[in-house]
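Beneath this line is the structure, given in structure tokens, with notes to follow.
Residue numbers (our numbering), protein chains in the order written: chain A, 1 to 112; chain B, 1001 to 1110.
As structure tokens, then:
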């Protein structure tokens, strides 16, 4: 079974802090994604990566950056956390050719 | 504009009462349609992939079908443990992009 692991289930951070969310997958997938999920808005794509050191902006990249130095790890960075970034963050891993997305357990981030 | 709409938003069923969830889509090109189950506070869990109109997939009490404009997730004789939010997503052809619906919250009462 594919396993996608996010480093934290719950995080509480202060406004202005730099926040790192880590995601690791164990199935050698090329493609990794970061989404945020908010009630009534569904999942919205922040960034995705289709190869090591390659990244593309999604629909809502403002205030975020990403890093993919190794194939199995995809990090989401909130440069200066704000209260409107309080959300559930989901990482997904997808194999080219199969296309099913496998998700991590999610990180619920609260910015105070 | 590419769009995925799920209905109803919420559904309450008695145990054993079969029903269907709808996912309608308007997209430029469909590579695949996916159904996921999401329990509260957890990440979505993959259920099915459908690639072409007329295709059907089954797993236990769930059956997913696909037409050119919509997909249905049929739940036969549901049990309380089927209570969850069911998400549908469309993978746009020629892109890495997936568009998710906002989900149907299903509650099955014992």
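Virtual Cβ for every residue (Gly too), placed ideally from N, Cα, C.
- Relative to residue 1047 of chain B, the option among B:1033, B:1040, B:1020 whose CA is nearest is B:1033.
- Contact between the region 86 to 101 of chain A and the region 29 to 41 of chain A is present: three or more C-beta pairs spanning the two stretches fall below 8 Å.
- Listed along chain A is no residue with a C-beta nearer than 8 Å to that of residue 1063 of chain B; the closest approach is about 18 Å.
- Residue-level contact by beta carbon holds for residue 1049 of chain B and chain A, with a gap shorter than 9 Å.
- For residue 84 of chain A, no beta strand (DSSP E) segment is defined, and its DSSP state is neither H nor E.
- Look at residue 1081 of chain B here: in three-state DSSP terms it is helix.
- The C-beta of residue 1042 of chain B comes closer than 9 Å to at least one C-beta of chain A.
- Of all residues in the region 79 to 91 of chain A, the ones placed with a Cβ closer than 7 Å to any Cβ belonging to chain B are 90, in chain order.
- Beta-carbon to beta-carbon, residue 75 of chain A and residue 20 of chain A are separated by about 6 Å, close enough to satisfy the 8 Å threshold.
- Cβ-Cβ distances below 8 Å link residue 1003 of chain B to 1025, 1026, 1027, 1099 in the same chain, with the five nearest sequence neighbours on each side left out; the list follows chain order.
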